[in-house]
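Report on the following structure.
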Amino acid sequence: MVSPLLILCLVLPVLLLFFFQYRRTLKNLPFPPGPRGLPIIGNLHQLNNSLLYLQLYHLSKKYGPIFSIRLGLRPTIVISSPKLAKELFKDHDLVVSDRPILLGQQKLSYNGLEMIFSPYGEFWREIRKLCVVHVLSSRRVSRFSSIRKFEVKKMLKKLSGHASSSKVTNLNELLMSLTSTIICRIVFGRSYEDEGAERSRFHGMFNECQAMWATFFVSDYIPFLGWVDKLTGLRARLEQNFKDLDNFYEEVIDERMDPNRKTQENEGIIDVLFELQKQSSSSVELTKDHIKAVLLDMLVAATDTTAATTVWAMTALLQNPRVMKKVQEEIRTLGGKKEFLEEDDIEKFPYFKALTKEVLRLYLPAPLLVARETKEAFKIGGYEIPAKTIVYVNAWAIHRDPEYWKDPEEFLPERFLDSTVDFYGQDFELIPFGAGRRICPGIPMAVASLNLILANILNSFDWELPAGVRKEDIDTEMLPGLAQHKKNPLYVLAKASNLNLI
Ligand code: HEM
1 MVSPLLILCL VLPVLLLFFF QYRRTLKNLP FPPGPRGLPI IGNLHQLNNS LLYLQLYHLS
61 KKYGPIFSIR LGLRPTIVIS SPKLAKELFK DHDLVVSDRP ILLGQQKLSY NGLEMIFSPY
121 GEFWREIRKL CVVHVLSSRR VSRFSSIRKF EVKKMLKKLS GHASSSKVTN LNELLMSLTS
181 TIICRIVFGR SYEDEGAERS RFHGMFNECQ AMWATFFVSD YIPFLGWVDK LTGLRARLEQ
241 NFKDLDNFYE EVIDERMDPN RKTQENEGII DVLFELQKQS SSSVELTKDH IKAVLLDMLV
301 AATDTTAATT VWAMTALLQN PRVMKKVQEE IRTLGGKKEF LEEDDIEKFP YFKALTKEVL
361 RLYLPAPLLV ARETKEAFKI GGYEIPAKTI VYVNAWAIHR DPEYWKDPEE FLPERFLDST
421 VDFYGQDFEL IPFGAGRRIC PGIPMAVASL NLILANILNS FDWELPAGVR KEDIDTEMLP
481 GLAQHKKNPL YVLAKASNLN LI
């Protein structure tokens, strides 16, 4: 009989050999290729914040679906194909579920006391669960449907006024004001759109916050040159923005806490959060700062993305009159020529639903998703990625991958009619809301608002470009920001449709 000791003596060296061989291969794997950078600043001098997604798309053509750049001293990889996105989110999601700690984002999120910028871990899990269950669930979203309906009707009336006086409409302004009103009423139980000075204070603060979230601070990438941010005045701007937002939140909270407050009718997310604070049933003890940080998440993540997507949808439709005609025909025929389309009606419109997917494929409000950071080293696509590497997922490039999309640059809603591909994070060729653990939790709210607004403006009006403007003149330039807006406003002429709906 062969002794177990002898077996061990024979097998152990072989196992050890395999183990060290494996470790060596892991160690020997290269870092993804990429453009050469300069000492210290890396590739920063070659990159432009407002065109980053496009520059990275072109670099992926040269260096492949996974490549590297250096942002100052921070190694960064860029994923640009559905195949690698799938590998990343399916096999390594845990390793890449952190966010990089960036100065502007941390300051304005009360050091990550919320969802978007908090590092992956127990706190993030709890706060996300809390928000998803109590604030962002489909049930909660449908409870706010009367607000959406009321505000969309109000906007249609305004457009009707423009139509009867042939006044040109600035769609960026109109839709931003609409989504901001809807979200403010959902979040605070009131809006800030009506009163002049208060309205401009509110918009000024939140636009600045968007800018600060997306601004490049030298301290983040070359810490020993952090003093440059003081010299350029960026640090002072950030502090000022934080103070303004904090004061605003104090006022809002005082208003909600006022025992003489007239009515409880307009319950907003803020009230839900204070209620949760009282109950303290979760393992996160909600402080006032948590509440302020979460409110900011909701406002900034929801308002700009929804408004930007609706403007992009109208941009796409004005550039593609064939699709505009087809979708209007569907809505008006299957919608039963109703004066106002309800959220449930939209379920009857397959072409409309395909259209929104196609808009989110080609005109993304978040082309690079939101940056991730690796917790530990891992292997992907034949490369080894060390811990603390920034990860960009370039959805812009992924949504144009010719291996997955036929005629990728064509705006063709038909491609979704007989397809099961959807944007809920399971189909890695279509990820406008991201994927994996950190996928956007606001999808039900985003879809509800987007559908209601778009279906109704298409139902009630025919749309034309102002005199002298051709469809070829409509540009698709983007503004930098966490949510990317169309840079130049979209000016349009609303014509009351011959349905005489309003
Ligand atoms: C068309 C509209 C929207 C788009 C395109 C969008 C897109 C995104 C994307 C790309 C991410 C990053 C996902 C990732 O890292 O993989 C994200 C995260 C997030 N979104 Fe949205 N979003 C939209 C609307 C909303 C709305 C309406 C809300 C909520 C009220 C919301 C709340 C959030 C939050 C809280 C996160 C952070 C999640 C986390 O890090 O755990 N978003 N969104």
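Quick note: the sequence shown uses the UniProt record's numbering, first residue 1, plus one each step. By construction, the Cβ of each residue, glycine as well, lies at the ideal position given by its N, Cα and C atoms.
When the options are compared against residue i, the one with the closest alpha-carbon
i: Lys348; options: Phe340, Gly335, Lys357; result: Gly335
i: Pro386; options: Phe188, Pro33, Ala377, Asn394; result: Ala377
i: residue 503; options: Trp463, Asp98, Ile127, Thr476; result: Because the chain is modelled from 1 through 502, residue 503 falls outside the range shown and cannot be assessed.
i: Gly37; options: His58, Pro65, Leu73; result: Leu73
i: Glu193; options: His203, Val187, Val359; result: His203
i: His45; options: Leu362, Met314, Val218; result: Val218
i: Arg201; options: Asn241, Leu54, Gly189; result: Asn241
i: Phe411; options: Asp289, Arg322, Pro75, Ile270; result: Arg322
i: Thr181; options: Glu173, Ser191, Glu330; result: Ser191
i: Ser97; options: Leu458, Gly64, Ala435; result: Ala435
i: Pro444; options: Arg143, Leu102, Leu174, Gln277; result: Arg143
i: Leu108; options: Lys338, Asn247, Arg361, Arg437; result: Asn247
i: Ser419; options: Glu358, Thr232, Lys230, Ile331; result: Glu358
i: Ile380; options: Glu330, Ile222, Gly42, Ser68; result: Ser68
Distance, residue j Cα to residue i Cα
i: Phe224; j: Arg235; result: 15 Å
i: Tyr424; j: Cys440; result: 9 Å
i: Leu465; j: Phe352; result: 21 Å
i: Glu403; j: Leu178; result: 38 Å
i: Lys35; j: Ala494; result: The question names Lys, but residue 35 in the sequence shown is Pro. If you take the alpha carbons of Pro35 and Ala494, they lie about 48 Å apart.
i: Phe274; j: Thr287; result: 9 Å
i: Arg24; j: Pro39; result: Below a pLDDT of 50, predicted positions are generally treated as unreliable, and Arg24, at 41, falls in that range; no measurement from the model is reported.
i: Ile270; j: Leu136; result: 13 Å
i: Leu430; j: Asp422; result: 7 Å
i: Val492; j: Arg415; result: 27 Å
i: Gly226; j: Lys471; result: 46 Å
i: Gly442; j: Phe188; result: 17 Å
i: Leu245; j: Met205; result: 7 Å
i: Leu17; j: Pro30; result: Low confidence applies to Leu17: its pLDDT is 46, below 50, so where it sits in the model is not reliable enough to give any reading.
i: Ala313; j: Gln328; result: 13 Å
i: Ala163; j: Glu114; result: 43 Å
i: Pro119; j: Leu295; result: 18 Å
i: Met257; j: Gly104; result: 29 Å
i: Pro33; j: Ser166; result: 55 Å
Below-7 Å beta-carbon distance, residue i vs any chain C residue
i: Gln484; result: Although the question refers to chain C, the structure presented lacks it and comprises just one protein chain.
Where the beta strand (DSSP E) containing residue i begins and where it ends
i: Trp463; result: 461–464
i: residue 505; result: Missing from the structure shown is residue 505; the chain here goes from 1 to 502 and no further.
i: Val272; result: Val272 -> not in any beta strand (DSSP E); alpha helix (DSSP H) instead, spanning 269–279.
i: Lys379; result: 378–380
i: Asn172; result: Segment 171–188 is the alpha helix (DSSP H) holding Asn172; no beta strand (DSSP E) there.
i: Ser68; result: 66–71
i: Val78; result: 74–79
Residue span of the alpha helix (DSSP H) that contains residue i, given as start and end
i: Tyr63; result: 52–63
i: Leu108; result: 103–108
i: Ile253; result: 234–257
i: Lys129; result: 122–131
i: Ile331; result: 321–334
i: Val141; result: 138–143
i: Lys86; result: 82–86
Chain-order list of residues whose beta-carbon lies under 7 Å from that of residue i (same chain, five-residue window excluded)
i: Asn456; result: Val152, Leu156, Phe340, Leu341
i: Leu450; result: Thr306, Thr309, Thr310, Thr356
i: Ser497; result: Ser460, Phe461, Asp462
i: Pro100; result: Ala371, Glu373, Ile390
Close beta carbons around residue i, own chain, < 6 Å, minus the five adjacent residues each side
i: Ile116; result: Asp297
i: Thr303; result: Thr179, Ser180, Ile183
i: Gln484; result: Pro365, Met478
Close beta carbons around residue i, own chain, < 8 Å, minus the five adjacent residues each side
i: Leu368; result: Leu52, Tyr53, Leu56, Tyr392, Val393, Asn394, Ala395, Trp396
i: Ile474; result: Thr315, Leu318, Gln319, Leu465, Leu490
i: Glu255; result: Arg261
i: Val95; result: Thr374, Lys375, Glu376, Phe378
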